[in-house]
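First up is the structure itself, then whatever we jot down about it.
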Amino acid sequence: MSGFKRIYLLYVFGFLINLRPVDPFLYEFFVTHKNLTEKEVRRDILPVLSYSSAIHSLFVFLLADLIGYKTLIIISALFELVSISVKKWGTTVIAMEFSEVFRGGSVATEVAYFIFIYGHYDGTTYQRATAYARIAALMGKTLSAILGQLFHNSDGMSCDELYVLNLAGKFSKL
Numbered sequence: 004m005s006g007f008k009r010i011y012l013l014y015v016f017g018f019l020i021n022l023r024p025v026d027p028f029l030y031e032f033f034v035t036h037k038n039l040t041e042k043e044v045r046r047d048i049l050p051v052l053s054y055s056s057a058i059h060s061l062f063v064f065l066l067a068d069l070i071g072y073k074t075l076i077i078i079s080a081l082f083e084l085v086s087i088s089v090k091k092w093g094t095t096v097i098a099m100e101f102s103e104v105f106r107g108g109s110v111a112t113e114v115a116y117f118i119f120i121y122g123h124y125d126g127t128t129y130q131r132a133t134a135y136a137r138i139a140a141l142m143g144k145t146l147s148a149i150l151g152q153l154f155h156n157s158d159g160m161s162c163d164e165l166y167v168l169n170l171a172g173k174f175s176k177l
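Every number in my numbering is 3 more than the matching position in the sequence shown, counting from 1.
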């Protein structure tokens, strides 16, 4: 595959990695669909993402050069799939914490995406690379926010159905 096609596929990946229409409704999903208490969600589940992404970041920085950036990008997608699947089909607080650990791993490995993109550009065009990568990411976040609000607030989709849509988007990354 030529370098031109490869770099634009990376931008598509950056778009898809940020396409998460269910994220604004995560708290609601835990409380209403998983029947968890607000205290469990605030104190036990949501903080796990911050701690796990910090711990995973240490491993990512140590292993990045050993296993390669392409491998880390694939691991990021797999972590995201596991996280979404456990959130969708898990029912306990432990399962939700487990899903947040994998989400933290996905967040930590997203740095490999940017490093891999910068590896395709020379030093004089880093601003262009940053602009394209950020545009792809922001377009994914914007479209997912719009779709999530439209589907959820118009009673077109429940949080469970948004998770299925989210899972389909993550499979398309692979």
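Positions of the beta carbon are idealized from the N, C-alpha and C atoms, including for glycine.
| field | Coarse secondary structure for Asn156, derived from DSSP in three states | value | helix
| message | Quick check on DSSP: helix, strand or coil for Gly71? | response | coil
| said: Restricting to Cα atoms, I'd like to know which of Ile58, His59, Tyr30 is closest to Arg45. | reply: Tyr30
| Closest by CA to Ser109, which one among Val85, Phe28, Gly151? | Val85
| Where does the unbroken alpha helix (DSSP H) through Thr112 begin, and where does it stop? | 96 to 121
| task | Tell me, to the nearest whole angstrom, how far the beta carbon of Pro27 is from that of Ala148; I am working on the premise that it is less than 8 Å. | result | 7 Å
| field | Length of the line joining the Cα atoms of Ile76 and Ser88 | value | 19 Å
| field | Rounded Cβ spacing between Val51 and Ala115 (contact assumed at less than 8 Å) | value | Their Cβ separation, rounded to whole angstroms, is 22 Å, which puts Val51 and Ala115 out of contact at 8 Å.
| In three-state DSSP terms, what is Thr35? | helix
| query | Ile78 and Thr112 look like a contact to me (Cβ under 8 Å); what is the Cβ gap, rounded to whole Å? | reply | 6 Å
| said: Is the separation between the beta-carbon of Ser55 and that of Val15 shorter than 7 Å? | reply: no
| Per-residue DSSP class, three states only, for Tyr124 | coil
| query | Ile120 and Tyr72: beta carbons closer than 7 Å? | reply | no
| In the structure shown, what three-state DSSP assignment does Asn2 receive? | Not covered by the structure: residue 2. The range shown for the chain is 4 to 177.
| request: Taking all protein chains shown into account, decide if Asn21 is buried (16 or more other Cβ within 10 angstroms of its Cβ) or exposed. | output: buried
| request: Have a look at Ile97 and Ala67 and give me their C-alpha separation to the nearest angstrom. | output: 29 Å
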